[in-house]
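By the count of this note's numbering, the sequence shown reaches residue 469 at its end, each step adding exactly one.
Backbone N, C-alpha and C fix where the C-beta goes; we use that ideal spot for every residue, glycine too.
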Amino acid sequence: MQQSNPLLSVDVDTRTIANVIADWTGVPLSSLMKDEQTELLNLEGEIGKRVVGQDVALNAIAQRLRAAKTGLTSENGPQGVFLLVGPSGTGKTETALTLADVLYGGEKSLITINLSEYQEPHTVSQLKGSPPGYVGYGQGGILTEAVRKRPYSVVLLDEVEKAHRDVMNLFYQVFDRGFMRDGEGREIDFRNTVILMTSNLGSDPLMQLLDEQPDATEGDLHELLRPILRDHFQPALLARFQTVIYRPLAETAMRTIVQMKLDQVSKRLRRHYGLTTHIDESLFDALTSACLLPDTGARNVDSLLNQQILPVLSQQLLTHMAAKQKPKSLTLGWSNEEGIVLEFAHG
Numbered sequence: 123m124q125q126s127n128p129l130l131s132v133d134v135d136t137r138t139i140a141n142v143i144a145d146w147t148g149v150p151l152s153s154l155m156k157d158e159q160t161e162l163l164n165l166e167g168e169i170g171k172r173v174v175g176q177d178v179a180l181n182a183i184a185q186r187l188r189a190a191k192t193g194l195t196s197e198n199g200p201q202g203v204f205l206l207v208g209p210s211g212t213g214k215t216e217t218a219l220t221l222a223d224v225l226y227g228g229e230k231s232l233i234t235i236n237l238s239e240y241q242e243p244h245t246v247s248q249l250k251g252s253p254p255g256y257v258g259y260g261q262g263g264i265l266t267e268a269v270r271k272r273p274y275s276v277v278l279l280d281e282v283e284k285a286h287r288d289v290m291n292l293f294y295q296v297f298d299r300g301f302m303r304d305g306e307g308r309e310i311d312f313r314n315t316v317i318l319m320t321s322n323l324g325s326d327p328l329m330q331l332l333d334e335q336p337d338a339t340e341g342d343l344h345e346l347l348r349p350i351l352r353d354h355f356q357p358a359l360l361a362r363f364q365t366v367i368y369r370p371l372a373e374t375a376m377r378t379i380v381q382m383k384l385d386q387v388s389k390r391l392r393r394h395y396g397l398t399t400h401i402d403e404s405l406f407d408a409l410t411s412a413c414l415l416p417d418t419g420a421r422n423v424d425s426l427l428n429q430q431i432l433p434v435l436s437q438q439l440l441t442h443m444a445a446k447q448k449p450k451s452l453t454l455g456w457s458n459e460e461g462i463v464l465e466f467a468h469g
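Here it is, written out as structure tokens:
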């Protein structure tokens with residue numbers, strides 16, 4: 123009955139062990155079977171396939187994670203604790219998504235906590251769970267339960283500068299010892315996590331300096347941000363994480379991101395409708411220009427696609443399909459007067 127896929131193997135081999143570990147840790151089997159040494163050596167290259175134009179930042183993160191994975195850093199504390207600082211839309215959140223995918227086998231291994239929702243001191247209990255005698259005791263905390271169930275994960279603490287100081291004090295022991303005590307008194311192990319915090323602190327002076335001095339060094343940027351960060355974070359907390367600066371994206375990097383997003387749309391059109399898609403330069407230029415605005419960055423690509431391009435495209439596709447006129451190819455362009463321009467070909 124079991125044929126070629128027995129429920130139990132006669133021999134305990136590498137795959138059998140990996141299956142058990144995958145069940146315990148939540149890390150997919152395919153990730154456990156990969157060559158970790160080769161993956162670590164190519165870590166910044168793997169992240170750089172999705173995070174464009176931040177080579178220095180990715181190299182800093184990769185170097186720290188390589189040191190941790192090879193056992194050269196302290197055994198206490200997470201694999202890495204980073205503060206990603208820079209303007210919006212420069213790749214900070216995408217870095218977290220990509221690290222979860224590369225290190226732990228998928229974006230479901232990303233635990234995201236938006237700290238803008240924790241601006242009051244009493245919200246600490248939401249993260250770690252309520253103590254005995256209080257409402258919510260026994261339900262666990264949002265953060266502690268997530269890490270307890272998935273100890274091998276990337277923890278993203280978004281908009282960290284907006285959190286109340288008491289909330290940030292919660293992380294001293296996590297950054298130092300790699301543990302957090304939840305509301306029930308259990309120690310939750312963070313030692314196999316990578317913790318990323320994101321912040322827009324100092325974005326305006328950072329962009330101003332780079333406008334005046336495009337060739338400013340990393341040392342110059344850190345010197346600029348140091349007093350700003352010191353005014354906001356306690357010195358003891360600031361010493362417990364590594365600050366990584368994300369620069370505003372150059373036009374060439376932004377164009378590459380636009381190309382990646384449009385390629386994803388093209389692949390979906392081919393997969394679902396068999397359409398061959400051509401992208402006119404006018405659309406590349408329009409999307410790239412829109413994303414160079416300082417307040418939005420690359421995040422504006424998704425907004426423009428979802429609000430101005432995909433709704434029109436879906437309506438036109440449905441019209442053609444309802445008329446039994448399935449197109450063979452599509453050219454996407456842009457007009458300043460009309461917006462998105464669609465040209466279907468049936469031959």
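Residue i versus residue j: straight-line alpha-carbon distance, rounded
i    : j    : result
N322 : E281 : 7 Å
M319 : K446 : 51 Å
V207 : L435 : 36 Å
I183 : L347 : 18 Å
D424 : K383 : 8 Å
A190 : P433 : 46 Å
V246 : Q295 : 14 Å
Q364 : L205 : 6 Å
L279 : L351 : 16 Å
H468 : L454 : 15 Å
L426 : T399 : 18 Å
R188 : E459 : 51 Å
L391 : E465 : 14 Å
V380 : F406 : 7 Å
A268 : Q261 : 12 Å
E229 : L328 : 30 Å
R393 : K271 : 35 Å
G167 : D342 : 25 Å
G193 : A338 : 34 Å
D385 : A222 : 23 Å
V142 : R186 : 29 Å
S163 : Q437 : According to the sequence shown, residue 163 is Leu rather than Ser. Roughly 46 Å between the two C-alpha positions.
Cβ shell of residue i (< 8 Å), same chain only, five flanking positions each side left out
i    : result
E373 : T410, L414
H354 : E283, L323
Sequence-distant residues of the same chain with beta carbon closer than 7 Å to residue i, five excluded per side
i    : result
V173 : L180, G213, E216, T217, T220
S325 : G208, P209
M376 : T410, C413, L414, A420
V178 : E340
P449 : L397, H442, F466, A467, H468
I401 : L384, L454
E309 : F301, R303
Same chain only: Cβ atoms within 6 Å of residue i, ignoring 5 sequence neighbours per side
i    : result
G211 : T418, G419, A420, R421
N314 : P273, Y274
Q176 : G213, Y368
A408 : W456
Buried/exposed call for residue i, threshold 16 Cβ in 10 Å
i    : result
A444 : exposed
Q335 : exposed
D304 : buried
A358 : exposed
M155 : Here the model assigns M155 a pLDDT of 49, short of 50, so the residue's position is not dependable, and the following value carries that caveat. Result: exposed.
L232 : buried
G307 : exposed
Cβ-Cβ separation, residue j to residue i (assumed contact under 8 Å), whole Å
i    : j    : result
P200 : I317 : 5 Å
Y395 : L439 : 7 Å
V289 : L237 : 7 Å
Cβ pair residue i, residue j closer than 8 Å
i    : j    : result
S404 : W456 : yes
K284 : Q241 : yes
L165 : V203 : no
T234 : G251 : no
E340 : I367 : yes
P273 : D298 : no
I462 : Q429 : no
S451 : L371 : no
P243 : H286 : yes
L332 : R369 : yes
G198 : G263 : Checking the sequence, you will find Asn at residue 198 rather than Gly. The answer is no: Cβ separation not under 8 Å.
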